[in-house]
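Chains as they are written, first to last, in this note's numbering: chain Z, 1 to 225; chain S, 1001 to 1225. Just so it is clear, CB atoms sit at the ideal spot from N, CA and C, and this is done for glycine as well. Source: prediction; values computed, not measured. Below is one structure, written out as structure tokens, with a few remarks after it.
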DNA sequence: CCGATTTTGTTGTGAAAACAACACTTTTTA
DNA sequence: TAAAAAGTGTTGTTTTCACAACAAAATCGG
């Protein structure tokens, strides 16, 4: 079966045998597609019919407002899904664009089929729903986390709060972040040059060290617990 | 049965008969409690054992960071729940405090019982899970919505984005918001006096009108679609 | 109903961030 | 592998915001 290895590696389908996967793929009317870096996987404002599951690579969830400001909502990695909450809320269009940040393999699933109790009763559909639930819970937590960074009143606290949370997640003061400086600025909704400036200062002051996407939190200061 | 009317009015239990409710209440080890205005319903950092369901009244989800800054994460109304995503993520402590904003009746449900498939197989447990799922999807969307407001680079755009989204939701340019100015400032993470000032300007310029919590969007300008 | 507390609008000041411009470096790609 | 494109660090200028202070208005609680 096509891409079974990747599918098996995701949280959603981890439990499934190849046979079960095949049944569900039929049930969810899945399609596969590979995208190059910077290609649009889904487009903000277009009719929403599918939920996207990242099988290989990664992608940014990006939102552009009416003034053209780009905001990176979050970064999706292998195994993450986009569009589940919209499917449940019965949105008719995509609220964001999904942009591949490298060569990325995506599986699309019919959103209606996914959230509707299966008449065929493909055996593990319930379990899929349960896994989706856990993923939605995690997404919720990620968003709450992001909100705590964005709630800080200056760039320094925003970025330190962000770095601190990554450090905690990775259980180390040495860690890699998924963004370059420009992207991080969009993620935190601050000016790129101002962020670059602040990072320089933090480095000069010996609070952090970094090189490309590799960071080291030296003094955690007030963010200690 | 105690509080059946209120329970029946919530999304989670809307389908249930009094008998079924009673069975589930046993299953979820529910407890009821009434809180006065400004009383803490759950406390940030304390052990998390229960999911809270608002049956009457309303409450703020508030987060205090290590520097003492208060941030209002969201406002919960009748029928809303707090803690589902934490329950699924198996958090051991509450990440926020829940503060009653008026006299509020809360039902607590054992979080472990809630997310664990029921051995007793109380008939509608699956349906409850499905409803929780929809609520989590909605919560997700609310958070995404809030992020778009917070992503704006100045107060004016933040508050206009917020007001515009409420207006859309209520399908009218006349609407009521759940926050007073001080609370709205905490919700949007901006200085209260700066927000008050900006609102005054917007009123002077004829873009909006307001009185207490009643607002009127006059010109939607660039936020039009 | 009245005194106490909280909320609000306003103003001024200093700090911080957005914006713009530019040279330099890194990465992409043809 | 060289040219083009994208990302980065730095600086100066302008705008915006946080902060502090205070009087007035509204709300609360006994």
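For residue 1088/S, return the contacting residues in chain Z, with the cut-off set at a CB-CB distance below 7 Å.
-> 133, 134, 137
Express the C-alpha separation of residue 8/Z and residue 16/Z in angstroms, rounding to a whole number.
-> 7 Å
Whole angstroms is fine: what's the gap from residue 1138/S's alpha carbon to residue 45/Z's?
-> 19 Å
With 8 Å set as the bound, which would you pick, yes or no: does the beta-carbon of residue 1063/S sit closer than that to a beta-carbon of chain Z?
-> yes
With 8 Å as the limit, tell me which residues of the segment 28 to 48 of chain Z have their beta carbon closer than that to any beta carbon of chain S; keep them in chain order.
-> none
Just mark residue 218/Z as buried or exposed, buried being the case when its beta carbon has 16 or more other beta carbons within 10 Å.
-> exposed
For residue 30/Z, three-class secondary structure by DSSP | coil
Quick one: what does DSSP say residue 1060/S is sitting in, helix, strand or coil?
-> strand
Going along the segment 176 to 194 of chain Z in order, which residues come within less than 7 Å of chain S, judged by CB to CB distance?
-> 189
Residue 1085/S to residue 1205/S, Cα distance in whole Å?
-> 42 Å
Decide if residue 26/Z is buried, meaning its Cβ has at least 16 other Cβ atoms within 10 Å, or exposed.
-> exposed
Any C-beta of chain Z under 8 Å from that of residue 1116/S = no
Which whole runs of the alpha helix (DSSP H) in the segment 53 to 131 of chain Z are 4 residues long or more, in chain order?
-> 84 to 88, 111 to 115
Kindly list the residues whose CB is nearer than 6 Å to the CB of residue 1031/S, restricted to its own chain and excluding five residues on each side of it in sequence; keep chain order.
-> 1108
Reducing DSSP to helix, strand and coil, say where residue 1207/S ends up.
-> coil
Using the beta-carbon of each residue, which ones in chain S are nearer than 9 Å to residue 73/Z?
-> 1144, 1147, 1148, 1151
For chain S, find out if any of its Cβ atoms is closer than 8 Å to the Cβ of residue 166/Z; answer yes or no.
-> no
Since residue 1181/S is in the alpha helix (DSSP H), which residue starts that stretch and which ends it?
-> 1181 to 1188
Short Cβ contact (8 Å threshold) for residue 1024/S with residue 1124/S | yes
Report the option in 216/Z, 80/Z, 52/Z whose CA atom is closest to the CA atom of residue 173/Z.
-> 216/Z
Touching by the beta-carbon criterion (3+ pairs, under 8 Å), the segment 1152 to 1168 of chain S and the segment 80 to 97 of chain Z | no
Validate contact between the segment 1091 to 1105 of chain S and the segment 1052 to 1065 of chain S using beta carbons, cut 8 Å, 3 pairs | yes
Checking contacts by CB at 8 Å: is residue 1095/S closer than that to chain Z?
-> yes
Can you name the start and end residues of the alpha helix (DSSP H) that residue 15/Z belongs to?
-> Note, residue 15/Z: premise wrong, no alpha helix (DSSP H); not H, not E.
Does the Cβ-Cβ distance between residue 1050/S and residue 1110/S come in under 8 Å?
-> yes
In or out: residue 90/Z buried (at least 16 other Cβ within 10 Å) or exposed?
-> exposed
Proximity below 8 Å, CB of residue 190/Z to CB of residue 141/Z | no
Closest to residue 38/Z by CA distance: which of 198/Z, 103/Z, 177/Z, 150/Z is it?
-> 103/Z
Taking all protein chains shown into account, do 16 or more other C-beta atoms lie within 10 angstroms of the C-beta of residue 1194/S, making it buried, or fewer, making it exposed?
-> exposed
Return helix, strand or coil for residue 1214/S, following the three-state DSSP convention.
-> strand
Determine the chain S residues that contact residue 208/Z at a beta-carbon separation under 8 Å, and present them in chain order.
-> Those within 8 Å of residue 208/Z in chain S number zero; the least Cβ separation is about 17 Å.
Apart from the five residues on each side of it in sequence, which residues of its chain come closer than 7 Å, Cβ to Cβ, to residue 54/Z?
-> 76, 77, 78, 79, 80, 104, 106
Can you pull the chain Z residues whose beta carbon is under 7 Å from the beta carbon of residue 1085/S, in chain order?
-> 137, 140, 141
Would you kindly check if the distance between the Cβ of residue 113/Z and the Cβ of residue 33/Z is under 8 Å?
-> no
With DSSP as the reference, label residue 1225/S as helix, strand or coil.
-> Below a pLDDT of 50, predicted positions are generally treated as unreliable, and residue 1225/S, at 38, falls in that range; the measurement from the model is reported next regardless. In this structure, residue 1225/S counts as coil in the three-state DSSP scheme.
Can you say whether residue 68/Z is buried or exposed, counting buried as having 16 or more other CB atoms within 10 angstroms of its CB?
-> exposed
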